[in-house]
Amino acid sequence: MAIRAEPFLAAARRPRRPASLAAWLDREAVFSWLMMALPLLFLAAFVGYPFFYGILLSLENRPVAQPGTFIGLRNFVTDFHDPIFWRVAINTFVYTGVATVLKMVGGLAMAVAMNQQFAAKNLVRALLLLPFIVPTVLSTVAWMWILDPAFSVFNWFLIALGMMPPGPSWLGDPVLAMASIIFINTWRGLPFYGITLLAGLQTVPPELHEAATIDGAGGWQRFRYVTLPLLKPIILIVTLFSVIFTFADFQLVYVLTHGGPQNATNLFATYAFDMAMGAGQLGLGASIALAMLPALALLIVALTLYLRRR
Amino acid sequence: MVTGWGPVQRLLRLWLPIGAFLVFALFPFYWMAITSLKPNAELYNRHIMPLIVRNPTLKHYIDLLTQTSFLVWTWNTMLVAVVSTAISLVLGIMLAYPLARMRFAGSSLMAMTVAAVYLVPQPLLFIPLADVINRLHLGNTLTSVILTYPTMLVPFCAWLLLGYFKTVPKELEEAARIDGASRLQTMRRIFLPLCTPGFISAGIFAFTLSQNEFLYALIFLTKTSVRTVPVGVIAELIRGDVFYWGQLMAAALLGSIPVAIIYSFFVEHYVAGLTSGSVKA
Chain A
1 MAIRAEPFLA
11 AARRPRRPAS
21 LAAWLDREAV
31 FSWLMMALPL
41 LFLAAFVGYP
51 FFYGILLSLE
61 NRPVAQPGTF
71 IGLRNFVTDF
81 HDPIFWRVAI
91 NTFVYTGVAT
101 VLKMVGGLAM
111 AVAMNQQFAA
121 KNLVRALLLL
131 PFIVPTVLST
141 VAWMWILDPA
151 FSVFNWFLIA
161 LGMMPPGPSW
171 LGDPVLAMAS
181 IIFINTWRGL
191 PFYGITLLAG
201 LQTVPPELHE
211 AATIDGAGGW
221 QRFRYVTLPL
231 LKPIILIVTL
241 FSVIFTFADF
251 QLVYVLTHGG
261 PQNATNLFAT
271 YAFDMAMGAG
281 QLGLGASIAL
291 AMLPALALLI
301 VALTLYLRRR
Chain B
311 MVTGWGPVQR
321 LLRLWLPIGA
331 FLVFALFPFY
341 WMAITSLKPN
351 AELYNRHIMP
361 LIVRNPTLKH
371 YIDLLTQTSF
381 LVWTWNTMLV
391 AVVSTAISLV
401 LGIMLAYPLA
411 RMRFAGSSLM
421 AMTVAAVYLV
431 PQPLLFIPLA
441 DVINRLHLGN
451 TLTSVILTYP
461 TMLVPFCAWL
471 LLGYFKTVPK
481 ELEEAARIDG
491 ASRLQTMRRI
501 FLPLCTPGFI
511 SAGIFAFTLS
521 QNEFLYALIF
531 LTKTSVRTVP
541 VGVIAELIRG
551 DVFYWGQLMA
561 AALLGSIPVA
571 IIYSFFVEHY
581 VAGLTSGSVK
591 A
């Protein structure tokens, strides 16, 4: 029996002093660290180093292409007194919060609708996932045209239904612009929730539903008291994932509104980009990006611990 | 589960919601397609019903392919996506195999670090990375993005493969060890050939993520000749306030096609990868 033999072999292979290089290389710890050395070095150089370098940058006055001078926490004080910064913070939380709720509710509805027997189910599932796999920038350009001030297809319908031309300016009005980016983020992210939750739904044993039906539970009660509690872990993981990446979203806003009108849709990532790449203030930009860190760190630690516990 | 539904109930409970979700998901693609086929006279006429094409034309596609650098961008995007996916798969395997199979001090801490690094979003790193790329004199080279895309793809592949590797039975490897194979031989000859489905899932995901990447490409690539499709489209096809919508939609559609084709071939692997993180893992 291979499984029984393993401990004995392992013991036999572990002399006090390694007999040869080959035996030394075959030790679990040696083999593991040697195997992981290259990827770990890579991540240390291109994730670890930039991360700490970013913290250092945020403490410097650092105009682009000039040497930086250490100024302590003054960038963060500047942020604190910057009304745009607070606008950006509120925007980011509103954007993340509303889009997450919409994606969760819509995704749950999609999963429940898909969890039935019907022809061409796999095809439908593949089609529903398309918004999630197509490059964001390209689908956002399509949305830009759908919401165009002069030629919006939505406005064509509104006008056809009797609204006064030219119809609402979707990206020109602060509230409508925020609603638009939330809507498009939901459009893109909904299938991720829907298809993942569908996979979760398919693991719910039908016996539980049958038992609940026998006990007299109706459709809604079965969903509320059988399905939902069993889905809770998956809902939590999917939501944490999606919140992290929505909170730090850049592409959609940069392409669609560039943070406008009057910063009404500016998020942490786009504001940091403008400050660093537009205004050339690398230090101030880094401090705005780092302002995301407390919330992100909390989410990342929560999700990492939760994934490990499973 | 529930049987004996009439056709009316089936319509209400099944096809109505499914139909609504399909329209919601696919309308932008339909809109891309018909816009790209409309002549300008139709495109910019507010008085005709916009949902159909009356005189379809390929003019926007021909202009896109002959008057812009779209084909160069497509080549760059493909090259970058393939190379960075390959690099990320190899490095991801090197991380995931020991974490899935070996027992050593610090392994669970390492696994958590990999997960945490995967979750670090790009906007937290792009400013310092821009400075790093500058100092390495890699601005406006494809190397800059081939080096930086794996920062998100390696932890991602490692995490996905770690989950997959744990589902592969250990018996074959144990047998190989008993027959005297070294750990490296066991991994390469016995274990890795068993894991092709996992590699396909991770590979497709990494490829899709590379095609989707925008922020690093936007910062590092400012010359036409090195741009990728997303950056080229945003930086060069949107010219000031003048929009060439027919061309833009043609570009958006053509730019989406490589991902869509790869995806349609491997959709089952994609879904398996998508759901493995949360459902199995």
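Protein chains in written order, with my numbering: chain A, 1 to 310; chain B, 311 to 591.
Think of the CB as a built atom: it goes at the ideal place given N, C-alpha and C, for glycine as much as any other residue.
Can you name, in chain order, every residue of its own chain whose Cβ lies under 8 Å from the Cβ of residue i, other than the five neighbours on each side?
i              : result
residue 223(A) : 112
residue 482(B) : 500, 501, 504
residue 295(A) : 247
residue 435(B) : 461
residue 526(B) : 432, 436, 439, 454, 455, 458, 459
residue 381(B) : 375
residue 624(B) : An answer regarding residue 624(B) cannot be provided, because it is not within the stretch 311 to 591 covered by chain B.
Based on Cα-Cα distance, which residue from the options lies nearest to residue i?
i              : options                        : result
residue 157(A) : 400(B), 359(B), 317(B)         : 359(B)
residue 75(A)  : 272(A), 295(A), 297(A), 299(A) : 272(A)
residue 510(B) : 361(B), 572(B), 479(B)         : 572(B)
residue 373(B) : 437(B), 474(B), 558(B), 322(B) : 558(B)
residue 516(B) : 416(B), 580(B), 322(B), 444(B) : 580(B)
residue 370(B) : 568(B), 562(B), 569(B), 574(B) : 562(B)
residue 328(B) : 116(A), 167(A), 230(A), 231(A) : 116(A)
residue 88(A)  : 265(A), 304(A), 293(A)         : 265(A)
residue 377(B) : 570(B), 546(B), 353(B)         : 546(B)
residue 346(B) : 367(B), 330(B), 523(B)         : 367(B)
residue 170(A) : 236(A), 302(A), 151(A), 186(A) : 151(A)
residue 286(A) : 90(A), 57(A), 277(A), 189(A)   : 57(A)
residue 259(A) : 25(A), 175(A), 105(A)          : 175(A)
residue 523(B) : 251(A), 118(A), 131(A)         : 251(A)
residue 566(B) : 412(B), 384(B), 356(B), 555(B) : 384(B)
residue 244(A) : 73(A), 28(A), 25(A), 100(A)    : 100(A)
residue 188(A) : 198(A), 201(A), 143(A), 147(A) : 143(A)
residue 191(A) : 277(A), 94(A), 255(A), 133(A)  : 133(A)
residue 39(A)  : 400(B), 494(B), 537(B)         : 400(B)
Could you give the first and the last residue of the continuous alpha helix (DSSP H) run that contains residue i?
i              : result
residue 104(A) : 83–114
residue 195(A) : 174–201
residue 125(A) : 121–133
residue 153(A) : 153–160
residue 262(A) : No alpha helix (DSSP H) contains residue 262(A), which DSSP labels as neither H nor E.
residue 505(B) : Careful: residue 505(B) lies outside any alpha helix (DSSP H) and carries neither H nor E.
residue 321(B) : From DSSP, residue 321(B) is part of no alpha helix (DSSP H); its letter is neither H nor E.
residue 237(A) : 228–247
residue 282(A) : 282–290
residue 144(A) : 136–146
residue 489(B) : No alpha helix (DSSP H) contains residue 489(B), which DSSP labels as neither H nor E.
residue 413(B) : Here residue 413(B) belongs to no alpha helix (DSSP H), and DSSP marks it neither H nor E.
residue 219(A) : 219–222
residue 532(B) : Residue 532(B) -> no alpha helix (DSSP H), and no H or E assigned at all.
residue 26(A)  : Here residue 26(A) belongs to no alpha helix (DSSP H), and DSSP marks it neither H nor E.
residue 462(B) : 460–476
residue 441(B) : 436–445
residue 542(B) : 539–542
Using DSSP with H/G/I as helix, E/B as strand and the rest coil, what is residue i?
i              : result
residue 69(A)  : strand
residue 380(B) : helix
residue 355(B) : coil
residue 590(B) : Note that residue 590(B) has pLDDT 39, beneath the 50 cutoff, so the model's placement of it is unreliable and the number below is only indicative. Helix, per DSSP.
residue 311(B) : Because residue 311(B) carries a pLDDT of 47, less than 50, the predicted location of this residue cannot be relied on, and no value is offered for it.
residue 510(B) : helix
residue 61(A)  : strand
residue 74(A)  : helix
residue 576(B) : coil
residue 308(A) : helix
residue 498(B) : helix
residue 549(B) : strand
residue 493(B) : helix
residue 50(A)  : helix
residue 342(B) : helix
Enumerate in chain order the residues of its own chain whose CB-to-CB distance from residue i is below 7 Å, with the five nearest sequence positions on each side excluded.
i              : result
residue 60(A)  : 68, 69, 70, 71, 283
residue 2(A)   : Low confidence applies to residue 2(A): its pLDDT is 42, below 50, so where it sits in the model is not reliable, and the reading given next is rough at best. So the list is empty, once near-sequence residues are dropped.
residue 79(A)  : 85, 287, 288, 291
residue 349(B) : 365, 367, 369
So, for residue i: in the same chain, excluding its five sequence neighbours on each side, which residues have a beta-carbon less than 6 Å away from its beta-carbon?
i              : result
residue 397(B) : 460
residue 98(A)  : 182
Next on the checklist: Does the region 334–344 of chain B come into contact with the region 137–148 of chain A, if we say contact requires no fewer than three beta-carbon pairs (one atom in each stretch) closer than 8 Å?
Outcome noted: yes
Next on the checklist: With three or more beta-carbon pairs closer than 8 Å as the criterion, would you say the region 264–280 of chain A touches the region 36–51 of chain A?
Outcome noted: no
Next on the checklist: At a CB distance below 8 Å, what residues from the region 265–290 of chain A approach chain D? Give them in sequence order.
Outcome noted: Looking for chain D here will not work: the only protein chains present are A and B.
Checklist entry - Would you call the region 126–133 of chain A and the region 210–226 of chain A in contact, with 3 or more CB pairs under 8 Å? => result no
Item to check | Segment contact, 8 Å Cβ cut-off, at least three pairs: the region 409–429 of chain B with the region 297–309 of chain A | outcome: yes
Checklist entry - Are there three or more Cβ pairs, one per stretch, closer than 8 Å when the region 444–451 of chain B is compared with the region 524–532 of chain B? => result yes
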